[in-house]
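Each residue of the sequence shown is one higher than the one before, counting from 284 in the working numbering. Ideal placement from N, C-alpha and C gives every residue a C-beta, glycine not left out. Working notes, beginning with the structure itself.
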Amino acid sequence: MNSPQERPTVSDSAAPVNIEIAGLRAELELERGRNAELRATMSGLNRSVEELRTFARDVSHDLKAPLAGILGYAQLLEHLDFGLPRPPAFDEFVSEINRSADRMRRLIDDVLAYSATADSPLRLGPIDLSALVDDLTADAVGLVRPTPAITHDVLPAVNGDHGMVRRLLENLIGNAIKYVPPGEAARVHVSARAIDDMVRIEITDQGIGIQDGQHEAIFEELHRAHPEAYPGNGLGLPICRRIVQRMGGAIGADPAFRGGARIWFTLPPARRAGDPQPTVAPELDHTPV
284 MNSPQERPTV SDSAAPVNIE IAGLRAELEL ERGRNAELRA TMSGLNRSVE
334 ELRTFARDVS HDLKAPLAGI LGYAQLLEHL DFGLPRPPAF DEFVSEINRS
384 ADRMRRLIDD VLAYSATADS PLRLGPIDLS ALVDDLTADA VGLVRPTPAI
434 THDVLPAVNG DHGMVRRLLE NLIGNAIKYV PPGEAARVHV SARAIDDMVR
484 IEITDQGIGI QDGQHEAIFE ELHRAHPEAY PGNGLGLPIC RRIVQRMGGA
534 IGADPAFRGG ARIWFTLPPA RRAGDPQPTV APELDHTPV
């Protein structure tokens, strides 16, 4: 039996509890400090992202003016009357100026589009995919030689931003038309089916296909699978990825498909009366934390 001197007192029992509470308070203060640092870092990153976007837009717009001058004077050179035979290779040099300037123009347009697809406001609504593909097909048939054969199933309506979905399909169908052996007419088919609560749209072609191991890399910025044989700047598919992700979908290339390429993407189906608002990718919060 414990003597009175050996019996634990209330103060003796409270001491370990007080030490534990003090330790918890110290950990809480440390965590608060980490959270404050994290908020400051996120705020700085958001500001940097917005500054980079603004810089890309401003520089791209500023580059368009001198580029228009280059194209304009190159066209004047094409029709310039020397009164004498043209120097050797003159026409070839002027054509190369035009081709290079046109490549730069497309790059500037794609940089602007890449920036715009990240933060431009979405105007969501029902989109008739069949009508949109018909419209794009008419444009391609009238402009591309050899004339491509573009077919499609009866496509369901989806919910999205019409301008962005048009650019998405324009890029994907355009790639399917472009990546064929020289002199061969492209054959492209667009199909769709419901998967869970989304619509999966597939663009299938019978062109040169995608190299093994490249099915994910082709969606990375500035990646070019065939840089020597086919023109491009490596921003078309990254733009497509941004568009699809902003509207709550996904995009990919089917590695199991052979005999060409098959690119797929998903979008929400067109909304019916009473349906909840579909989920879209959140905008970056640029407000200070």
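Near Ile433, what residues of its chain come up, given a Cβ to Cβ distance below 6 Å and the 5 sequence neighbours on each side ignored?
-> Along the sequence shown, read from residue 1 onward, the residue named residue 433 stands at position 150. The answer, listed in chain order, is Thr420, Val471.
Mark Arg545 as exposed unless 16 or more other C-beta atoms lie within 10 angstroms of its C-beta, in which case mark it buried.
-> On the sequence shown, position 262 is the one that residue 545 refers to. Counting Cβ neighbours within 10 Å, Arg545 comes out buried, since at least 16 surround it.
DSSP-derived helix/strand/coil call for Gln380 = Here residue 380 corresponds to residue number 97 of the sequence shown, with the count starting at 1. Going by the sequence as given, residue 380 is Ile instead of Gln. In the structure shown, Ile380 adopts helical secondary structure according to DSSP, grouped into three states.
Mind checking whether Leu395 and Val441 have CB atoms under 8 Å apart?
-> Position 112 of the sequence shown holds residue 395. Position 158 of the sequence shown holds residue 441. For Leu395 and Val441, no; Cβs fall outside 8 Å.
DSSP three-state assignment for Arg541, whether helix, strand or coil | By one-based count along the sequence shown, residue 541 stands at place 258. Collapsing the DSSP output to three states places Arg541 in coil.
In terms of alpha-carbon separation, which member of Ala539, Ala309, Ala469 lies closest to Gln494?
-> Start at 1 with the first residue of the sequence shown, and residue 494 comes out as number 211. Of the listed residues, the one whose Cα sits closest to Gln494 is Ala539.
Supposed close pair Arg406, Asp444 - CB separation, criterion 8 Å = One-based indexing of the sequence shown puts residue 406 at position 123. One-based indexing of the sequence shown puts residue 444 at position 161. That pair is a contact at about 5 Å.
Validate contact between the region 422-432 and the region 361-368 using beta carbons, cut 8 Å, 3 pairs | As far as the Cβ criterion goes, the region 422-432 does not touch the region 361-368, which means the pair count is below three.
Contact the region 342-358 vs the region 373-390: 3+ CB pairs below 8 Å = Short answer: they touch.
What number of angstroms, rounded off, separates the C-alpha of Pro371 from the C-alpha of Ser474?
-> Walking along the sequence shown from the start, residue 371 turns up at place 88. Walking along the sequence shown from the start, residue 474 turns up at place 191. Going from the Cα of Pro371 to the Cα of Ser474 covers about 51 Å.
Give every residue of the same chain whose Cβ lies closer than 7 Å to the Cβ of Arg449, excluding the five residues on either side of it in the sequence, and list them in chain order.
-> Locating residue 449 in the sequence shown gives position 166, where the first residue counts as 1. So the list reads Leu415, once near-sequence residues are dropped.
Residue nearest to Leu518 in terms of C-alpha spacing, selected from Arg529, Val527, His506 | Against the sequence shown, residue 518 aligns to sequence position 235. With distances taken between Cα atoms, Leu518 lies closest to His506.
Of the residues Glu503, Arg541, Ile486, Pro439, the one placed nearest Ala553, counting alpha carbons only = The sequence position of residue 553 within the sequence shown is 270, counting from 1. Selected option, being the one with the closest Cα: Pro439.
Do Gly543 and Gly492 have their C-beta atoms closer together than 8 Å?
-> One-based indexing of the sequence shown puts residue 543 at position 260. One-based indexing of the sequence shown puts residue 492 at position 209. Here Gly543 is near Gly492, since their CB atoms are less than 8 Å apart.
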